Structure formats: structure tokens, C-alpha cells
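**Student:**
2 protein chains.
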Amino acid sequence: MPNRTVFFVSDGTGITAETFGNSILAQFPAKHRHVRRPFIDSVEKATHVAAEIEATAQREGKRPIIFLTLVNEDVRRILKESPHGLVLDMFNTFVEPLEAEFGVKSNHRVGRFSDVAKSEEYNERIEAINFSLAHDDGQSARNLESADVILVGVSRSGKTPTSLYLAMQHGIKAANYPLIPDDFERHQIPSSLAPHKRKCFGLSIDPERLAQIRNERRPDSKYASLENCRWEVRQAEQMMRREGISWLSSTHKSIEEIATTILRDIRPDRLIY
Amino acid sequence: MPNRTVFFVSDGTGITAETFGNSILAQFPAKHRHVRRPFIDSVEKATHVAAEIEATAQREGKRPIIFLTLVNEDVRRILKESPHGLVLDMFNTFVEPLEAEFGVKSNHRVGRFSDVAKSEEYNERIEAINFSLAHDDGQSARNLESADVILVGVSRSGKTPTSLYLAMQHGIKAANYPLIPDDFERHQIPSSLAPHKRKCFGLSIDPERLAQIRNERRPDSKYASLENCRWEVRQAEQMMRREGISWLSSTHKSIEEIATTILRDIRPDRLIY
């Protein structure tokens with residue numbers, strides 16, 4: 606199966622369309638060349654991209670694949686009629702049946718936010734990112750009552766990227782708090798977490814994988830030794846079990862999968878999308 | 606136009622599909638109720654969701670909207686034949702024409718990463734997040750040579766969320782560095798940035814908006830005063846112009862829009878997707 610050039614043409618950033626397009630292309634065993642053309646919001650720019658597609662088709666002797674997310678009818682027509690490509694119109698394919706279902710015309714709005722400075726949803730997302738940063742790695746126990754979720758787990762179990770993802774993608778205020786040897790010796794979760802146990806969610810990890818990750822940071826340390834990693838993980842899991850904190854293993858999961866599981870299980874009240 | 610219940614049913618996290626579905630639904634002036642059903646990877650789970658959809662349709666007297674991203678044919682069939690909903694099959698709608706175009710069957714792989722622990726692309730993303738965190742707000746000038754992008758701008762111009770977004774979404778190692786009054790008085794960019802000017806990208810911002818954001822943090826300070834904000838922004842823009850650093854105004858732009866513009870202009874060599 607030959608590799609193709611894939612164009613992502615959008616009147617906005619095209620990020621969502623490209624991410625989504627990638628998951629569709631991942632169904633096929635080929636390495637395609639990706640070309641992004643964001644902010645194509647005029648007939649002039651569209652004509653330019655159409656010429657680029659045409660030139661690519663000529664040069665490669667293979668039809669390019671063209672993912673479109675274009676709201677404006679005139680702009681879309683120029684690319685849709687592209688004679689030398691397979692056009693996948695990601696937007697209109699679904700907007701049309703929805704127009705029929707709802708019995709109204711779509712409003713042809715470009716982008717999710719008309720003006721971010723005035724969007725409450727957008728500002729909440731930025732606030733959540735700032736919150737998660739300020740509450741990374743147990744840096745601050747202040748305002749933990751306003752956290753939506755508090756991730757707990759041993760050092761390097763994946764708490765930080767997961768908290769930032771929850772904030773960025775879902776506007777969730779996610780704090781994270783390390784469980785450290787001191788806590789295990791005291792046989793108690795950190796006292797600042799005790800009043801918020803209901804919001805806690807644990808990340809665990811394979812000790813072997815943990816040792817590997819820690820060794821990249823601090824080679825040959827006690828911290829990174831397999832023996833110590835085994836002890837910490839065992840202690841952390843016992844502690845979470847004792848405290849009734851649900852957890853999952855991050856070893857084979859992406860931050861997207863971890864975040865989705867947390868949202869499904871904790872169901873925070875505030876959830877943007 | 607009546608509000609509906611919208612189901613997002615996926616065999617993976619469904620995050621991309623939901624984000625994409627949201628941008629389609631934003632074309633219509635209604636507030637829908639969202640129901641996510643991630644990880645639906647068996648006939649049994651699908652049957653359960655189908656019953657839920659049916660019950661919703663009965664209760665509300667309106668057809669639910671159902672976005673599907675399901676790879677398995679048996680699982681999909683159960684939901685596709687849902688009699689009381691409008692089914693939008695986000696996956697198959699595009700996989701089928703691609704199968705025809707490529708002349709091969711798709712591999713029916715669920716999710717972008719088969720096993721994250723072994724995925725180089727995934728590990729690069731996590732590494733980029735760690736890099737961006739370690740290089741937030743000029744915290745470290747070490748390893749700036751391995752940065753893909755260095756964002757510069759006055760305090761609170763949007764550098765931090767943009768860097769984290771670039772790392773998380775695109776696997777880009779994005780450092781960020783504040784431009785502060787000391788730099789303006791010296792009339793020089795920070796010396797650690799000088800060798801890396803080619804990778805620098807500036808964020809500017811409306812002084813009025815900046816004063817508003819800073820006032821939320823430190824009310825009635827000199828730092829937040831409109832007069833000081835005007836001075837800092839003017840100085841920063843002059844400095845970037847003098848140094849030949851391209852920049853944009855973040856005032857009315859989302860982090861997605863800022864990131865897309867940066868990628869289009871800087872074109873970092875490493876770019877995951």
C-alpha cells in the first residue's frame with residue numbers, strides 16, 4: 606500500500622480534525638506525509654491550497670488525501686471540487702444530517718471560541734491549568750478544597766502529566782500529591798489530604814517500569830533501585846486500599862486513558878466538555 | 606430548536622471524537638446534555654448502552670444524537686441499528702472510502718497507542734511535557750539548545766499554557782522565558798536567549814487585558830497598573846522588533862490558535878503530529 610500526502614485544510618487551527626484524522630489513518634499500515642494548512646478562511650487562500658494539492662498529485666502520481674474542516678461554502682467548494690484527490694469532508698458530512706434532524710440551518714461559526722478573552726469556558730480552562738501547576742507535586746496544600754481531583758501516588762507514577770491533561774483538555778482543577786517514604790513509615794496519608802479523601806484518585810505503576818523511569822533521572826540511586834521501587838509501590842497500594850482510595854495502574858495507559866477513567870469514576874461536578 | 610441528549614460512544618477514550626463532535630454541535634444554537642460512554646469494547650457493554658439510549662429517547666420524547674467511534678463490527682452494529690436516535694458514525698464514514706482508495710482493509714486497531722510504555726511517540730510527548738515544565742518561566746537555562754521553541758513575553762502574556770499545550774498536543778519541547786523590567790532597562794534580551802534567537806517566538810498582549818489579568822493576581826500593585834503594563838508591553842514589542850523575533854498578540858487567541866500559528870511560522874524539525 607503506497608504512502609500518500611495527506612492535507613489537513615481548516616479555516617481554524619485544524620488541530621482537532623488532524624488528531625481525529627490521525628486516528629482514522631492509523632487504521633492503515635502506511636506512513637503518510639502530513640501537510641497542514643490552517644486558517645484557510647478566504648477564496649484566495651483556498652485557491653492557493655488547491656493549486657498545491659494539484660501540484661502534489663502531478664508530482665507524486667498518486668491522489669493526495671484531503672481532510673476538510675471548512676465552514677464557509679465558497680471556500681469549501683474550491684477544495685471539494687479538487688479533481689486529483691480523495692476529499693473527506695469532516696464537517697459537512699455531519700452538519701448536514703444534523704440540520705435535517707434539528708430542522709434549522711447551522712450558524713457557520715468558525716472555531717469553538719468566538720473571542721477567548723470573553724469566553725467563560727476558556728478562562729476556566731486557563732484557570733485550571735494555573736491551579737494544576739500551582740498544586741503540582743504537593744507544592745501547596747492551600748485551596749485544596751477547590752480542587753476537583755487530587756491525584757496521589759509514588760514519585761514518577763504519572764501524576765503530573767495527567768493533572769495537566771485534565772486541566773487543559775477538560776478544565777478540571779487537578780492537584781497532585783506525592784506519597785513518599787515518610788508517609789509509609791507513619792502509615793498515614795499526608796494530613797492535608799485527609800479531609801479530601803473523596804476527591805483523591807491513585808496512580809500506581811509496575812515497580813520494574815518505575816525503576817526504569819527513575820533510573821533515567823537518577824541512575825544507580827537508592828531512589829531508583831528496583832528493591833526500593835517495589836517497596837514504595839507495595840506500601841502505596843496498601844495505603845490506598847486502607848484509605849478507600851480507588852486507583853489504577855498507569856504502566857500501559859496513556860494520559861488520555863488515565864484521564865478518561867478518572868472522569869468516569871470520580872465524576873467531578875464541574876466538567877467543561 | 607429543542608435540546609437533545611448527545612451520546613459519545615467509543616471503544617477508546619472517545620476524547621478526540623467528543624472534541625470534534627463539540628465543534629460540529631457548536632454550529633447549532635442549543636445546549637445539549639452530553640453523555641460519554643468510553644471503553645465500550647464488547648457486545649455486552651454495547652447492549653447496555655443501547656438500552657440506555659432507548660430509555661433516554663422514551664423519557665425525553667426526542668431522538669438522542671449518537672456519535673460513534675467504534676472499530677469492532679459486532680459492537681458497532683448494535684449501536685448503529687439503534688432505532689431511536691440519529692447515529693453519526695465518525696469512524697466508518699471515513700474508513701470506508703479510504704479502504705476503497707487504498708485497496709486494503711483497515712486493521713481495526715483500537716486507540717492510537719497499542720501500548721504506551723513501548724511507544725516512542727508517546728514517550729517523546731511525556732518527555733516534552735517534563736521539559737516544558739522544567740523550563741517554565743525561565744526556571745532553567747540548561748539544555749536550551751534542545752528546546753524546539755522558546756516563548757518570550759512579559760509576565761502573564763500566556764506563555765505557560767501555550768508551552769504546555771505545544772508539549773502535550775504536539776510533543777514539542779517548548780521552553781518559556783519572561784521579559785522583565787531589568788531586560789528593558791538593559792535594552793537587551795536575556796543573555797541565555799541570545800544564542801537561540803532563531804527558536805524564539807514572542808507573545809504580546811493588549812495592555813488593558815494584561816492589567817486586568819495581573820490585577821486578579823496582585824490587586825492594586827504597580828505590577829498590575831495600566832501604566833506599567835503599557836510600558837512593559839511597549840518595551841517588549843520594541844525589543845522583539847529590534848531582535849528580529851516574530852510575535853503575535855495573544856489577547857483574542859486561544860492556546861490552540863497561538864500554538865498553530867507558532868508551528869506554522871517556526872516549523873520545528875521535530876513534530877509528532
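These protein sequences, in sequence, are chains A and B. Plus 605 on top of the position in the first sequence (first one is 1) and you've got this note's numbering. Plus 605 on top of the position in the second sequence (first one is 1) and you've got this note's numbering. Virtual Cβ for every residue (Gly too), placed ideally from N, Cα, C. Nothing here was measured: the structure is a model prediction, and the numbers come from that model.
#1: Under a Cβ-count criterion, where at least 16 other Cβ atoms within 10 Å of its own Cβ denotes burial, should GLU861/B be classed as buried or exposed?
#2: Count the C-beta pairs between the stretch 747 to 754 of chain A and the stretch 762 to 782 of chain A that are closer than 8 angstroms, then say yes if the count reaches three, no if not.
#3: Against SER760/A, what residues of chain B qualify as contacts under a CB-to-CB distance less than 9 angstroms, listed in chain order?
#4: Who are the near neighbours of ILE670/A in its chain, counting only those whose CB is closer than 6 angstroms to its CB and skipping five residues on each side?
#5: Does chain A have any CB closer than 8 angstroms to the CB of SER859/B?
#6: So with Cβ pairs under 8 angstroms, would you call ALA700/A a contact of chain B?
#7: Would a C-beta distance cut-off of 8 angstroms place PHE625/A and THR765/B closer than the cut-off?
#8: Cβ closer than 7 angstroms: which chain A residues qualify as neighbours of ILE620/B?
#9: Closer than 7 angstroms by beta-carbon distance: list the chain A residues that pair up with TYR727/B, in chain order.
#10: Just to confirm my understanding: we take PHE718/B, look at its own chain, exclude 5 residues before and 5 after, and list those with CB closer than 6 angstroms. What are they?
#11: May I ask you to report which of helix, strand or coil DSSP gives SER809/A?
#12: Tell me the residue span of the beta strand (DSSP E) that contains ALA780/B.
#13: Spell out a yes or no on whether the stretch 808 to 817 of chain A and the stretch 827 to 843 of chain A are touching, meaning 3 or more CB-CB pairs, one atom from each, closer than 8 angstroms.
#14: Spell out whether any CB of chain B is found under 8 angstroms from the CB atom of ARG869/A.
#15: Against TYR770/B, what residues of chain A qualify as contacts under a CB-to-CB distance less than 8 angstroms, listed in chain order?
#16: Against chain B, which members of the stretch 662 to 686 of chain A pass a CB distance test of less than 9 angstroms?
#17: The beta strand (DSSP E) spanning ILE755/A covers which residue range?
#18: When DSSP labels each residue in this structure, what does LEU675/B get in the three-state scheme?
#19: Taking the alpha-carbon positions, what's the ILE649/B to VAL680/B distance?
#20: Quick check on the DSSP output: the alpha helix (DSSP H) that includes ASP737/A runs from which residue to which?
#21: For SER628/A, report the span of its alpha helix (DSSP H) as first-last.
#22: Could you tell me which of PRO786/B, ASP742/B, PHE633/B, ASN735/B sits nearest to TRP586/B, measuring between CA atoms?
#23: For the putative contact between VAL838/B and VAL757/B, defined by C-beta atoms under 8 angstroms, what is the C-beta separation to the nearest angstrom?
#24: Going by beta-carbon coordinates alone, are ILE645/B and SER687/B separated by less than 8 angstroms?
#25: Measure the beta-carbon distance from ALA733/B to GLY776/B and round it to whole angstroms, keeping in mind my assumption that it falls under 8 angstroms.
#26: Can you tell me whether DSSP reads THR866/B as helix, strand or coil?
#27: Thinking just about the alpha-carbon of each residue, which of ALA746/A, ASN735/A, PRO643/A is nearest to the one in ASP741/B?
#28: Run down chain A in chain order and give the residues with a C-beta less than 8 angstroms from the C-beta of HIS713/B.
#29: Using DSSP bridges, identify the partner residues of ARG638/B.
#30: What residues from chain B crowd round LEU853/A, counting only those whose CB sits closer than 7 angstroms?
#31: Output the distance between the C-alpha atoms of GLU790/A and LEU693/B, rounded to the nearest integer angstrom.
#32: Distance cutoff 8 angstroms, beta carbons only. Does ASP616/A sit that close to anything in chain B?
#33: Are the C-beta atoms of SER751/B and some chain A residue less than 8 angstroms apart?
#34: Beta-carbon of LEU815/A versus every beta-carbon of chain B: anything under 8 angstroms?
#35: Excluding the five sequence neighbours on either side, which residues of its own chain have a C-beta within less than 6 angstroms of the C-beta of GLN840/A, listed in chain order?
**Tutor:** Quick look at the numbers:
#1: Position 256 of the second sequence holds residue 861/B. Around the C-beta of GLU861/B, 16 or more other C-beta atoms lie within 10 Å, and the residue is accordingly described as buried.
#2: The stretch 747 to 754 of chain A is in contact with the stretch 762 to 782 of chain A.
#3: Taking the first sequence and counting its residues from 1, one reaches residue 760/A at position 155. Result: empty, since nearest Cβ-Cβ is about 13 angstroms, beyond 9 angstroms.
#4: On the first sequence, position 65 is the one that residue 670/A refers to. So the qualifying residues of the chain are ARG609, VAL611, LEU691.
#5: Residue 859/B sits at position 254 when you count from the first residue of the second sequence. At least one beta carbon of chain A lies nearer than 8 angstroms to the beta carbon of SER859/B.
#6: Translated into positions along the first sequence, residue 700/A becomes position 95. At residue 700/A the sequence reads Val, which differs from the Ala that was named. Any Cβ of chain B closer than 8 angstroms to the Cβ of VAL700/A would place that residue at the interface, and such an atom is present.
#7: The residue labelled residue 625/A in the question sits at position 20 within the first sequence. The residue labelled residue 765/B in the question sits at position 160 within the second sequence. Result no, Cβ atoms of PHE625/A and THR765/B do not sit closer than 8 angstroms.
#8: Within the second sequence, numbered from 1, the residue matching residue 620/B stands at position 15. Chain A residues near ILE620/B: GLN774, GLU861, THR865.
#9: Position 122 of the second sequence, counted from the first residue, corresponds to residue 727/B. Result: SER859.
#10: By 1-based counting over the second sequence, the position of residue 718/B is 113. Low confidence applies to PHE718/B: its pLDDT is 48, below 50, so where it sits in the model is not reliable, and the reading given next is rough at best. Beyond the five residues adjoining it in sequence on each side, PHE718/B comes within less than 6 angstroms, by CB distance, of SER724, TYR727 in the same chain, given in chain order.
#11: The count along the first sequence starts at 1 and reaches residue 809/A at position 204. Strand.
#12: Here residue 780/B is taken as the residue at index 175 of the second sequence, counted from 1. Counting along the chain, ALA780/B sits inside the beta strand (DSSP E) bounded by residues 779 to 783.
#13: With a cut-off of 8 angstroms, the stretch 827 to 843 of chain A and the stretch 808 to 817 of chain A count as touching, because enough Cβ pairs lie within range.
#14: As a first step, residue 869/A must be located in the first sequence, where it is residue number 264. Under the 8 angstroms criterion on CB atoms, ARG869/A is classed as interfacial with respect to chain B.
#15: The residue given as residue 770/B occupies position 165 in the second sequence. What TYR770/B touches in chain A: MET773.
#16: Listed in sequence order: ARG668, ILE670, PHE672, THR674, VAL676.
#17: Taking the first sequence and counting its residues from 1, the one referred to as residue 755/A is at position 150. Following the DSSP letters along the chain, one finds ILE755/A inside the beta strand (DSSP E) bounded by residues 754 to 758.
#18: To locate residue 675/B, count along the second sequence from 1; it is residue 70. Three-state result, LEU675/B: coil.
#19: What you label residue 649/B is simply residue 44 of the second sequence in a count that begins at 1. What you label residue 680/B is simply residue 75 of the second sequence in a count that begins at 1. Ile is not the amino acid found at residue 649/B; the sequence shown has Glu there. Distance between the alpha carbons of GLU649/B and VAL680/B: 8 angstroms.
#20: Counting from 1 along the first sequence, the entry for residue 737/A is found at position 132. At residue 737/A the sequence reads Ser, which differs from the Asp that was named. Segment 725 to 739, the alpha helix (DSSP H) holding SER737/A.
#21: Counted from its first residue, the first sequence places residue 628/A at position 23. Element bounds for SER628/A: 620 to 630.
#22: The first residue shown for chain B is 606 and the last is 878, placing residue 586/B beyond what the model contains.
#23: Within the second sequence, the letter at position 233 stands for residue 838/B. Within the second sequence, the letter at position 152 stands for residue 757/B. Approximately 13 angstroms separates the beta-carbon atoms of VAL838/B and VAL757/B; this is outside 8 angstroms, ruling out the contact.
#24: As a working mapping, residue 645/B is identified with position 40 in the second sequence. As a working mapping, residue 687/B is identified with position 82 in the second sequence. In this structure, SER687/B does not lie closer than 8 angstroms to ILE645/B by Cβ.
#25: On the second sequence, position 128 is the one that residue 733/B refers to. On the second sequence, position 171 is the one that residue 776/B refers to. About 5 angstroms separates the CB atoms of ALA733/B and GLY776/B; that is less than 8 angstroms, so the two are in contact.
#26: Counted from its first residue, the second sequence places residue 866/B at position 261. Of the three classes helix, strand and coil, the one that applies to THR866/B here is helix, per DSSP.
#27: Counted from its first residue, the second sequence places residue 741/B at position 136. Nearest of ALA746/A, ASN735/A, PRO643/A to ASP741/B, Cα basis: ASN735/A.
#28: By 1-based counting over the second sequence, the position of residue 713/B is 108. Neighbours of HIS713/B on chain A, chain order: GLN632.
#29: Taking the first residue of the second sequence as 1, we reach residue 638/B at position 33. Under DSSP, ARG638/B shares a beta bridge with THR610/B.
#30: One-based indexing of the first sequence puts residue 853/A at position 248. Within 7 angstroms of the CB of LEU853/A, no CB atom of chain B is found; the nearest one sits about 12 angstroms away.
#31: Walking along the first sequence from the start, residue 790/A turns up at place 185. Walking along the second sequence from the start, residue 693/B turns up at place 88. Between GLU790/A and LEU693/B, the alpha-carbon positions lie close to 54 angstroms from each other.
#32: If you number the first sequence from 1, residue 616/A lands on position 11. With 8 angstroms as the cut-off, ASP616/A does not count as an interface residue toward chain B.
#33: The sequence position of residue 751/B within the second sequence is 146, counting from 1. Not one chain A Cβ lies under 8 angstroms of SER751/B.
#34: Locating residue 815/A in the first sequence gives position 210, counting from the first residue. Cβ-Cβ to chain B under 8 angstroms: no for LEU815/A.
#35: Position 235 of the first sequence, counted from the first residue, corresponds to residue 840/A. Closer than 6 angstroms at the Cβ level, and outside the excluded window around GLN840/A, lie PHE789.
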